[in-house]
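Visitor: In terms of this note's numbering, the sequence shown is residues 1 to 348. All C-beta atoms in this analysis are idealised placements derived from N, C-alpha and C, irrespective of residue type, glycine included.
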Amino acid sequence: MKKTAETRIPITVLTGFLGSGKTTVLSHLGQIGALDRTLILVNEFGEVGLDHELLTPIDDDTMVAVNSGCICCTIRADLVQTLSEAPWRFARHGRRWFDRVIIETTGIADPAPILQTIIGEQAISQKYLLSSVLTAVDSVNGLDSLDTYFEAVKQVAVADRILLTKTDLISTKPDALLAKLNALAPSAPTSTVVGGKVNADWFFPAEHYEVGGKSIDVLSWLEGGLQALGQQSSYKHADHSHHTSRHGRVLSSCLVFEDPVDPALFEACLEMLMQFRGADLLRVKGLINIIGMDLPMVVHGVQHVFHPPEVLERWPSEDRRTKLVVIARDLDHEELQASFSALGLEAV
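(1) Compare the Cα-Cα distances from Arg314 to each of Pro296, Leu146, Leu282 and Val326 and report the closest residue.
(2) Output the distance between the C-alpha atoms of Leu331 and Ala86, rounded to the nearest integer angstrom.
(3) Determine whether the beta carbon atoms of Leu14 and Ile102 lie at a separation below 8 Å.
(4) In this structure, does DSSP put Pro10 in helix, strand or coil?
(5) Have a look at Glu151, Ile9, Leu222 and Met272 and flag the residue whose alpha-carbon is nearest the alpha-carbon of Ala123.
(6) Do Gly16 and Arg283 have their CB atoms nearer than 8 Å?
(7) Among Leu287, Leu130 and Lys154, which one has its Cα closest to the Cα of Ile11?
(8) Relative to the C-alpha of Val80, which residue among Leu41, Lys22, Thr192 and Ala34 is closest?
(9) Roughly how many angstroms lie between the CA atoms of Ala157 and Asp259, to the nearest whole one?
(10) With hydrogens ignored, establish whether the beta-carbon of Gly195 is closer than 7 Å to any heavy atom of the ligand PLP.
(11) By Cβ distance, which residues of its chain are closer than 6 Å to Phe306, with the 5 residues on each side in sequence left out?
(12) Tell me whether Glu310 sits in a helix, a strand or coil according to DSSP, three-state version.
(13) Within a Cβ cutoff of 7 Å, which residues of the same chain sit near Ala5, ignoring the five residues on either side of it in sequence?
(14) Report back the beta-carbon spacing between Ala159 and Thr135 to the nearest angstrom; my notes put them in contact at under 8 Å.
(15) Roughly how many angstroms lie between the CA atoms of Ala200 and Leu29, to the nearest whole one?
(16) Use the C-beta contact count for Glu429: other C-beta atoms within 10 angstroms, 16 or more gives buried, fewer gives exposed.
(17) When burial is assigned at 16 or more other CB atoms within 10 Å of the CB, is Asp168 buried or exposed?
(18) Taking only the alpha-carbon atoms, compute the straight-line gap between Leu351 and Leu343 and give it to the nearest angstrom.
(19) Relative to the C-alpha of Gln337, which residue among Gln303, Leu35, Leu281 and Phe257 is closest?
(20) My output table needs one value for Ile288: the three-state DSSP class, helix, strand or coil.
(21) Looking only at C-alpha atoms, which of Asp147, Leu178, Thr82 and Val299 sits nearest to Ile114?
(22) Once DSSP output is grouped into helix, strand and coil, what is the label at Leu134?
(23) Thinking Thr190 and Ile162 are a contact (beta carbons under 8 Å), I'd like their distance in whole angstroms, please.
(24) Under a Cβ-count criterion, where at least 16 other Cβ atoms within 10 Å of its own Cβ denotes burial, should Thr192 be classed as buried or exposed?
(25) If you run the structure through DSSP and keep just helix, strand and coil, what is His208?
(26) Are the Cβ atoms of Leu324 and Gly292 separated by less than 8 Å?
(27) Excluding the five sequence neighbours on either side, which residues of its own chain have a C-beta within less than 8 Å of the C-beta of Gly107, listed in chain order?
(28) To the nearest angstrom, report how far apart Thr105 and Asn43 are at their CA atoms.
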């Protein structure tokens with residue numbers, strides 16, 4: 001028997017292009033105690049990520065689990081398996097402890113297969129309910145992302161609510177971007193978010209996600225996927241070519257430095273990277289061990305914009321190495337490593 005909406009576990013999908021501030025939003029929710037009894041599934045593009053480490057200081061009754069590899073490519077198998085096994089895999093004292101789930105997608109994820117899986121895969125829809133889809137959009141680079149990447153367009157179009165971030169970094173109202181957002185998702189309100197300060201009620205509203213209120217394009221994306229789901233058995237991906245073709249020019253690389261780094265030297269390396277590859281830098285995020293500092297520093301940037309570094313209250317794990325994750329178009333790991341080495345920073 002299919003469970004009712006009242007007994008199924010609600011899932012909220014938090015999506016948005018690279019650098020749009022999704023992890024900052026989740027960190028804020030954790031800081032205000034709004035993630036009690038919440039399982040957070042963090043999906044990270046590439047073999048090594050940092051988002052889950054930056055969320056681990058959350059002290060609420062919360063668990064953060066990570067899945068490397070683009071979720072829109074590796075599921076439906078991985079997502080179905082993770083959600084099916086979650087109640088016992090992440091159990092505490094032999095019992096399911098979480099009452100809701102948040103899925104943070106990768107910045108280049110196509111959200112449609114994720115929504116299709118939650119709505120249309122019987123093994124999932126019997127246990128879970130799609131509650132809401134929130135999409136973060138970067139005020140600085142959002143318009144360029146929408147013009148360049150179809151994934152960014154789909155992320156906006158499927159949204160229940162758009163979180164407009166980084167408005168504090170621009171001097172004028174982003175009228176062109178707002179018009180674009182309204183055209184793509186006319187039924188989704190746009191809320192300005194600075195420093196990740198969102199309303200926790202947006203994540204699990206009283207009314208669940210309704211496909212019928214979305215555009216014709218969204219209906220076609222979701223209905224096409226749901227039909228494909230109906231023609232395949234559980235745990236099989238409907239489009240096996242997707243993983244190899246969709247993100248072909250977008251690659252990730254991680255540089256790891258064993259010893260604490262000189263801050264001036266590290267800054268010089270980042271400036272060089274930004275100067276020569278700025279237009280191709282879709283995301284740069286680092287957890288840095290600075291010489292003479294006991295606490296880790298976080299740096300993050302998109303294209304030519306690097307934000308002021310932040311100092312965490314504590315290390316997220318026993319690992320004290322510096323890690324820098326770079327996601328870029330046409331990225332060459334050896335070239336990236338050599339550029340840091342040329343200035344005296346040797347990655348392992």
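Guide: Quick answer:
(1) Pro296
(2) 35 Å
(3) yes
(4) strand
(5) Ile9
(6) no
(7) Leu130
(8) Leu41
(9) 44 Å
(10) Among the components modelled here there is no ligand, and therefore nothing to report on the ligand PLP.
(11) none
(12) strand
(13) Model confidence at Ala5 stands at a pLDDT of 48, short of 50, so the residue's coordinates are unreliable; what they give is reported in the following sentence. The answer, listed in chain order, is Leu129 and His208.
(14) 4 Å
(15) 7 Å
(16) This structure cannot speak to residue 429, because the chain is shown only from 1 to 348.
(17) exposed
(18) The structure shown does not extend to residue 351, since the chain spans only 1 to 348, so no value can be given for it.
(19) Phe257
(20) strand
(21) Thr82
(22) strand
(23) 4 Å
(24) exposed
(25) coil
(26) no
(27) Gly16, Phe17, Leu18, Gly19, Ser20, Lys22, Phe45, Leu282, Arg283 and Ile327
(28) 5 Å
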